[in-house]
Each structure stands twice: as structure tokens, then as C-alpha cells.
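Which chain is which? The protein sequence lines are A and B, in order. First residue of the first sequence? That's 282 in the working numbering, and the numbers climb one at a time after it. First residue of the second sequence? That's 780 in the working numbering, and the numbers climb one at a time after it. Notes follow the structure.
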Amino acid sequence: MNKTINQKAWYFVIPVFILVAFNAAIPLMTVVNYSFQETFGNNVFAWEGTRWFKQILLSERFHAALGRQFAFTFIILLIQIPLGIAIALTMPKKGWGVPVCLILMSMPLLIPWNVVGAMWNIFALPDIGFLGHTLNSLGFDYNFTQQPGDAWFTTILMDVWHWTSLVVLLSYAGLNSIQPAYYQAAEIDGASRWATFRYIELPKMKKVLTLAILLRFMDSFMIYTEPFVLTGGGPGNTTAFLSIDLVKMALGQFDLGPAAAMSLIYFFIVLLVCWVFYNLMMKNEAQS
Amino acid sequence: MKKYKWLVPTLYIIFLMLPIYWLINMSFKTTTEIINTYSLWPQKFTTENYVKIFTDSTWYMGYVNSIAYTVFNTVISVAAALPAAYAFSRYKFLGDKHLFFWLLTNRMAPPAVFALPFFQFYSSVNLFDTHIAVALSHCLFNIPLAVWILEGFMSAVPKELDETAYVDGYSFGRFFFKIFVPTIAAGIGITMFFCFMFSWVELLLAKTLTATEAKPIAATMTRTASTSGYELGLLAAAGTLTIIPGAIVIYFVKNYIAKGFAMGRV
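Following this line, the structure appears as C-alpha cells:
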């Protein structure tokens, strides 16, 4: 659409601008403040320069949390995106199956995050949970509160349970927007199922898939509540992802300076990756 | 191959329903039964967990608080986002692209980063432990989302609609509320759905900003789980009840969900 140039449009944006600035700019400035200072309580501060940033960037604790975070995000993207596409491809396209699938699949998305954690905790308990009990009676030595491997397995399974539906719904919407003429053309050409997917469906889903990856990256990178309730970051620190580590440092130990510096580095990483995705997405939109 | 296609979504749905079933199953058992026996359905069916929640005000007020700030947040977010989304979809103005990306960055901000400053900020303006504080803090991620979704819907409405209305002598206000808003009603519905959803499921900020007066149900659950020796039955019943508002909301928007996602703006 060709838009008219109109500077008065700013008036329309003012309420949003004020609300978000009030919520984002002021707290963010507080964080920036803390990140350069040492606090002695009673509002006494001393200038520390970039000490906290150096400390965080060189600390092994931060490296470990960052490594776990990237590993987690990478694994869940690797599972959720292909799985989501596969389910969307096999979902019914019309009839009574459509609302049933949509309603049931959206369910996990609307459960409060700590209930998701609590639910999976009960579900996976080795002695009385369905998952834990089944695995143990099948001969696996499964205990997610004791063994790091099991804790990771459970956390990833929980995230797949929780968020794959988002990828499914996005891909399904993308598939639905393909005109039937494309499929007819493919049939006339005698294209195989794989070729139809590779050359018709996948390119048409590019936009929604970029969005799905962007959303899943952002949200899994900020994950806090679900693993916190499920494992509490343990056993040890093995499932303490960035947010869990950060909250521990800021609200638990009240190390405001290092926590603030870590916040900024954390936010910067998310921002950087998202900016790359956002530009890719806008480029796609401009093409179509 | 084609014949067995239904298997994939069916298996997936079974996988989704299993933990939910387990939670409901637990909610109808007594805590003693949960701890001592493993069974696929309640042996001694009991509703005492639910009775306790509906008679104890610290429990049911949690639901009232959660619903209060969620509704409040949805209203603020959509009301503020409507004119802004209109401006982004119709006009070019100084800094529009930067502003749009800046809004989106707030959707990307990890709530953990904001927890402590929010706590201090809302305490200093005497809003700590009120529904308004939680509703306002959730605007951080819901307003950008609302602007983003609404802008998608508004851009799909041809500009000729606006122009014809002005030619017919409509003022801007009358055009906006009498013609434009009804045209994008489905989009507004979907936006409200997502605002409701993200405010309902968020806990970190809601928990940080409340103590007793506005404590969300989800936080009540966390506390109970840790202090009173793990009352699993009660926890399961409370968890089951938190699924219900979401299920009701999904039922109402079921025809629009796919359409909303189709805009590629969620």
C-alpha cells in the first residue's frame, strides 16, 4: 500500500509510546545505572565503570549458562520446526476434524507457564507420575530430579509439548493460503509428494516459518518459569538457563551490579539475533 | 501411505492430552492416595480438593486477581494499539520504521531482565501489589504484539474505504468507529485473544509485582507447593482450574485462530 506522508500520525502513536516508554525505558535505565555502579545499600552508589561487564563476560558461570541456553534453544528448534511442519501437513483440511484439531492443539498454549511446569513435574515423577512410572517399568533408570540427562530430556519434552502447536498453527495457516491451482499444476506435471512439498509448499511457508523460528527463538531464549518449576535449575546447575541464573543473581543474592551487566549482555544477544531475523522477514515481505 | 495420514495428528493430540489427563486424574484423588498408590484413574473419587479451593478465599481470590489484571491489560493494550496500528498502516511519518522495531524489541526483552527494576519502580510510585501494576507491566510485551497484529489486519483493508467515507462526509472519528472498527472486528477479536493469552500465562512479572492483594492464582499455587508439604491433590485441582478460562476463550475464537495466524503476524 502506498502510504501518505503525515507527521500528525504521531498523535495516534503517543498513547502507545508513553505506555511502552513508561514500562521499558525507565526500568532499562535503572538496569543501565546499576550496571556501572557498586551499591552499598541506602542509595549509596559508587562508579565502577565497565568492571561488572568484564567480570560477567569472563566468568565461567555466565559461559556455562549461555552454553546451556544455546544448546537448549538449538535442540528445541531442531525438533519443533520439522515436527510442526509434519503435523500441519497431515492435519485435515476440512470437515469436523479441523476445529477439533485446532482447539485441542491450542490447549497447551493457554496454560499458565508455572502450571505447565507443575503439570510436568507431577507427570514425570519417577514413582507416581505416568511418564516416570512407565519409563521405569520399561527398565529405564529414569529420575529427572537426580540425573542431569533425564532432567534435560524432561525439560525438552515439556517444551516440545508446550510450544510445537504454535509451529503447527503457523504452518497450517501458511499451507491454507496456497491456491488449489498450484496443486493441480503439480499433479498434471506428475510431481512426486516430496517435489510438491519442496517446490510448492515449503516456499509458500517461508514467511510463516521465519516467524515461527523467530518466535520460538525469542521465547525459548527467555524461558524461565517452566524449567524453574519443573527442575528448579537442577540437579546442580545443569538446567539453569540464562533467565534462571539471572533471577538467582538479582533477586536471590542481590548482586545488583553484575546482574544488571548480565541483563544488558543477555538483552543485547537476543536483540542481535532478532534483528537479523526481522530484516530477513521484512525482505521476504517486500518480495511478496 | 495416505490412508494412515490421520495417525500423525492423532498421536500428537494424544501426547498433548496425556499430561493434562494426569493432572485432572490427580485432582480427584486425595494427597495420601497420590503418594501411596499409582493408578491410572482415581480409586477413591473425591472432590474435596475443589471444595477447598472454592471455599478458601486465598485460593479463589487468586482466580479473581488473575482474571482482573488479564482483562484490564487486554483492554488497555487494544485501546492504545488501535490508533497506533492505524497510523502505522496508513501513514508515513518521521521515525516510523525505527519506532516499529523499537516496539518489537520490547516483545523480545526477557522479563527476567525487568523483574527487579519493575519491582523498584512500581514500589516507588505506590502501585506495588495492585492489579493496575501487573496490567501495566504486561503492556510491555502485549502492546507491541497488539500493534503488530492489528497493523497486519488494517493493512489488508484497502485505503479506498477511508477515502470513500471522507467523500461521503464522514468525520474521522465517525469513520473510525462506525466503519473501520467493524470492518476489522475479527482482527480485534484475535488481538484480544492473544493479549489475554500472554497476560494469563505470564507469571514472573505478576509474581514479582504482587504480595497479597493482587496475587495471581499461579503464584498462590507455587507458594502452597513449597510451604504446606506438597499438597499434590490441591495443586492439581488448582492447575486444572487454570486451564478452564483458556479453554473457554479458545472455543469462542476457534474459527479465527487459523485466520489470525494466516496474517503471519502472531
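We put the CB at the ideal spot given by N, CA and C, even for glycine. From a predicted model like this one, the values you see are computed outputs, not experimental measurements.
Query                                                                                                                                                                           : Result
For Gly-538 of chain A versus Trp-333 of chain A, is the C-beta distance shorter than 7 angstroms?                                                                              : yes
Between Phe-509 of chain A and Trp-801 of chain B, what straight-line distance do the alpha-carbon atoms span, to the nearest angstrom?                                         : 20 angstroms
Cβ atoms of Ala-993 of chain B and His-910 of chain B: under 7 angstroms apart, would you say?                                                                                  : yes
Return helix, strand or coil for Ala-990 of chain B, following the three-state DSSP convention.                                                                                 : coil
Give me whichever residues DSSP pairs with Phe-326 of chain A in a beta bridge.                                                                                                 : A:Thr-320
Which residues share a DSSP beta bridge with Lys-871 of chain B?                                                                                                                : A:Ile-286
List the residues of chain B that Asn-464 of chain A touches, going by C-beta distances under 7 angstroms, in chain order.                                                      : Sequence inspection shows Tyr at residue 464 of chain A; the Asn mentioned does not correspond to that position. Within chain B, no residue comes near Tyr-464 of chain A; the closest Cβ sits about 14 angstroms away, beyond 7 angstroms.
Does any residue of chain B have a CB that is nearer than 7 angstroms to the CB of Asn-287 of chain A?                                                                          : yes
Tell me which same chain residues have a C-beta within less than 6 angstroms of the C-beta of Thr-1006 of chain B, skipping the five on either side of it?                      : Unreliable positioning characterises Thr-1006 of chain B in this predicted model, as indicated by a pLDDT of 44, which lies under 50. A coordinate reading is not provided.
Quick check on the burial criterion: 16 or more other C-beta atoms within 10 angstroms. Buried or exposed for Thr-285 of chain A?                                               : exposed
Anything in the segment 882 to 907 of chain B with a Cβ closer than 9 angstroms to a Cβ of chain A? List those residues in chain order, please.                                 : Leu-882, Leu-883, Thr-884, Asn-885, Arg-886, Met-887, Ala-888, Pro-889, Pro-890, Ala-891, Val-892, Phe-893, Ala-894, Leu-895, Pro-896, Phe-897, Phe-898, Gln-899 and Phe-900
Determine the closest residue to Tyr-1030 of chain B out of A:Ile-299, A:Leu-391, A:Phe-317 and A:Tyr-453, with distance taken between C-alpha atoms.                           : A:Leu-391
Which of the three DSSP states, helix, strand or coil, is assigned to Gly-376 of chain A?                                                                                       : coil
Assign Ser-501 of chain A to one of three DSSP states: helix, strand, or coil.                                                                                                  : helix
Is any beta-carbon of chain B found at less than 7 angstroms from that of Asn-314 of chain A?                                                                                   : no
If we define contact as Cβ-Cβ less than 7 angstroms, is Cys-918 of chain B a contact residue for chain A?                                                                       : yes
So, with DSSP's three-state summary, where would you put Pro-896 of chain B?                                                                                                    : helix
Please compile the residues from chain A whose C-beta is within a distance smaller than 8 angstroms of the C-beta of Thr-1021 of chain B.                                       : Ile-392, Pro-393 and Val-396
Can you grab the Cα-Cα spacing for the pair Phe-977 of chain B / Trp-394 of chain A, in whole Å?                                                                                : 10 angstroms
Which of helix, strand or coil does DSSP assign to Leu-882 of chain B?                                                                                                          : helix
Give me the Cβ distance between His-443 of chain A and Val-397 of chain A, rounded to the nearest whole Å; I'm assuming they're in contact under 8 angstroms.                   : 6 angstroms
For Trp-279 of chain A, count the other beta carbons within 10 Å of its own beta carbon; 16 or more makes it buried, fewer makes it exposed. Which is it?                       : Nothing about residue 279 of chain A can be read from this structure; chain A reaches only from 282 to 569.
Which value, in whole angstroms, describes the spacing of the CA atoms of Glu-482 of chain A and Ile-967 of chain B?                                                            : 29 angstroms
Does the contact criterion of 3 or more C-beta pairs under 8 angstroms hold for the segment 980 to 996 of chain B versus the segment 844 to 855 of chain B?                     : yes
Under 7 angstroms between C-beta atoms, does Thr-1006 of chain B make it to chain A?                                                                                            : Per-residue confidence for Thr-1006 of chain B stands at a pLDDT of 44, beneath the threshold of 50, marking its modelled position as unreliable; the derived number appears in the next sentence. So no, Thr-1006 of chain B is outside the interface.
Give the C-beta separation of Asp-500 of chain A and Ala-346 of chain A to the nearest angstrom, bearing in mind that I take them to be a contact with Cβ-Cβ under 8 angstroms. : Contact doesn't hold; Cβ gap of about 17 angstroms is too wide.
Take the Cβ of Gln-350 of chain A as the centre, count every other Cβ of all protein chains shown within 10 Å, and call the residue buried at 16 or more, exposed below.        : buried
Could you check how far apart the C-beta atoms of Leu-511 of chain A and Asn-402 of chain A are, in whole angstroms? I think they sit under 8 angstroms.                        : 5 angstroms
Hey, Leu-873 of chain B and Gln-288 of chain A are a contact pair by Cβ (cut 8 angstroms); roughly how many whole angstroms apart?                                              : 6 angstroms
Assuming Thr-304 of chain A and Leu-883 of chain B make a contact with CB atoms under 8 angstroms, what is their CB distance in whole Å?                                        : For the record, residue 304 of chain A in the displayed sequence is Asn; it is not Thr. About 14 angstroms; that fails the 8 angstroms criterion.
Please list the terminal residues of the continuous alpha helix (DSSP H) segment that includes Asn-402 of chain A.                                                              : 394 to 405
Just checking, does the segment 365 to 385 of chain A make contact with the segment 452 to 463 of chain A on the three C-beta pairs under 8 angstroms criterion?                : yes
What residue range does the alpha helix (DSSP H) around Val-926 of chain B cover?                                                                                               : 910 to 934
Just to confirm, is the Cβ distance from Ser-922 of chain B to Val-297 of chain A under 7 angstroms?                                                                            : Here the sequence assigns Ile to residue 922 of chain B, which means Ser is not the residue at that position. Yes, the Cβ-Cβ distance between Ile-922 of chain B and Val-297 of chain A is below 7 angstroms.
Could you spell out where the alpha helix (DSSP H) holding Ile-958 of chain B opens and where it closes?                                                                        : Where Ile-958 of chain B is concerned, there is no enclosing alpha helix (DSSP H), given that its DSSP letter is neither H nor E.
Which word fits Pro-308 of chain A, buried or exposed, when buried means at least 16 other C-beta atoms lie within 10 angstroms of its C-beta?                                  : buried
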